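Engineer: One structure is given below, represented as structure tokens, and several questions about it will come after.
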Amino acid sequence: MTMVTEQSATVDQNPPAMRPRRVVLKLSGEVFGGGAVGVEPDVVQSLAKQIATVTRRGIQVAVVVGGGNFFRGAELQKRGMDRNRADYMGMLGTVMNCLALQDFLEKEGIETRVQTAITMAQVAEPYLPLRAIRHLEKGRVVIFGAGAGMPYFSTDTVTAQRALEIHADMVLMSKNGVDGVYTADPRIDPTARKLETITFQGVLQRGLRVADQAAFSLCEENKLPMLVFGAEGDDTIVRACAGERIGTLITAD
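Its first residue numbered 1, the sequence shown is counted upward by one per residue in UniProt numbering.
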């Protein structure tokens, strides 16, 4: 659970609404599996419907997908597997999720392209930022798979990097089991309350685990806002892209 004390950062309980033009949405692998190993079709279909709604409203959407419903390199390493090989297995897991999301998006009538950091020409395009931008400008959804194509890089970091490379206006960080950043763990502290906004510096200073530190540093240095919100619900992605005050908005200032 993400936590932060009120003294650790500047907090504004009434931040301005932000309706982005182009976003990079991070979806965890656990969402795809519905809490189990593999892919849960009903969950992926629901995600696709939301992304399709956003796209039809004229917002350009790129997606970074995790692979935790199949493999996690760090966890496999703890069980004795070589970290490099374990991370590559995790990257392949993300591509399986990408293909599942692509299938359901196209069933919704949305043109979709999968781009991967590891070449696999039979199922996806190689990752090329300019081509990704062109797809987005044509109203297509672009799904980025295989992480950074290198071990030791989390999909959180890849999300920030891809967002900067394709000139996105915002990172949307969808989370399981939490709908934003709280003053304390709400499962333990009944007085905990959700913060509507906080600075990247405040998060980094306290070592909070909203996303990895590299992702936060990239966003802070380049003044790229990040919205942390809950994955649960049938319209959370739609509401986040519409500029509603949902979750916690993290900004450089």
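The beta carbon of each residue, even a glycine, is placed where N, CA and C say it ideally should be. Computed from a predicted structure; not experimentally measured.
Could you give the residue range of the beta strand (DSSP E) that holds A62?
Structural biologist: Element bounds for A62: 60–65.
Engineer: How would you write the range of the alpha helix (DSSP H) that V210 sits in, first residue to last?
Structural biologist: Where V210 is concerned, there is no enclosing alpha helix (DSSP H), given that its DSSP letter is neither H nor E.
Engineer: Locate the beta strand (DSSP E) running through Q45, then write down its first and last residues.
Structural biologist: First-last for Q45: 41–56, but that is the alpha helix (DSSP H), not the beta strand (DSSP E).
Engineer: How many Å lie between residue 254 and A121 at the Cα?
Structural biologist: Here the chain comprises residues numbered 1 to 253, so residue 254 is not present and cannot be evaluated.
Engineer: Closest by CA to A52, which one among C241, L130, D82?
Structural biologist: A52 has its Cα closest to that of C241, out of C241, L130, D82.
Engineer: What number of angstroms, rounded off, separates the C-alpha of V123 from the C-alpha of L99?
Structural biologist: Answer to the nearest angstrom: the Cα atoms are 8 Å apart.
Engineer: Give me the Cα-Cα distance between K194 and I143, rounded to the nearest whole angstrom.
Structural biologist: Taking the straight line joining both Cα atoms gives about 30 Å.
Engineer: What residue range does the alpha helix (DSSP H) around V95 cover?
Structural biologist: 83–107 is the span of the alpha helix (DSSP H), which, as asked, contains V95.
Engineer: Just the C-alpha distance for T251 and S46, rounded to the nearest angstrom, thanks.
Structural biologist: One C-alpha to the other measures close to 29 Å.
Engineer: Count the other CB atoms within 10 Å of the CB of H167; is the residue buried (16 or more) or exposed (fewer)?
Structural biologist: It is exposed - the Cβ of H167 has fewer than 16 other Cβ atoms within 10 Å.
Engineer: Go through its chain and collect everything with a Cβ distance to F104's Cβ below 6 Å, but skip five positions before and after it.
Structural biologist: If we look at F104 and ignore the five residues flanking it on each side, its Cβ neighbours are V44, Q45, A48.
Engineer: Below 8 Å, can you find three or more Cβ-Cβ pairs linking the region 156–172 to the region 215–230?
Structural biologist: The region 156–172 vs the region 215–230: in contact.
Engineer: Can you tell me which of Q60, L204, T94 puts its alpha carbon nearest to the alpha carbon of G38?
Structural biologist: Of the candidates Q60, L204, T94, the one whose C-alpha sits nearest the C-alpha of G38 is T94.
Engineer: Comparing C-alpha positions only, which one of I246, V24, G247 sits nearest to I133?
Structural biologist: It is V24.
Engineer: What three-state label does DSSP hand K175 in the structure shown?
Structural biologist: Strand.
Engineer: Measuring CA to CA, which of F32, M170, E220 is closest to Q205?
Structural biologist: Comparing Cα positions, the closest option is E220.
Engineer: Go ahead and pull the three-state DSSP assignment for E111.
Structural biologist: Coil.
Engineer: Exposed or buried, T248, counting other C-beta atoms within 10 Å across all chains shown (16 or more means buried)?
Structural biologist: It is buried - the Cβ of T248 has at least 16 other Cβ atoms within 10 Å.
Engineer: Please report the straight-line C-alpha distance between D253 and I198, rounded to a whole angstrom.
Structural biologist: Rounded to whole angstroms, D253 to I198 spans 9 Å at the Cα level.
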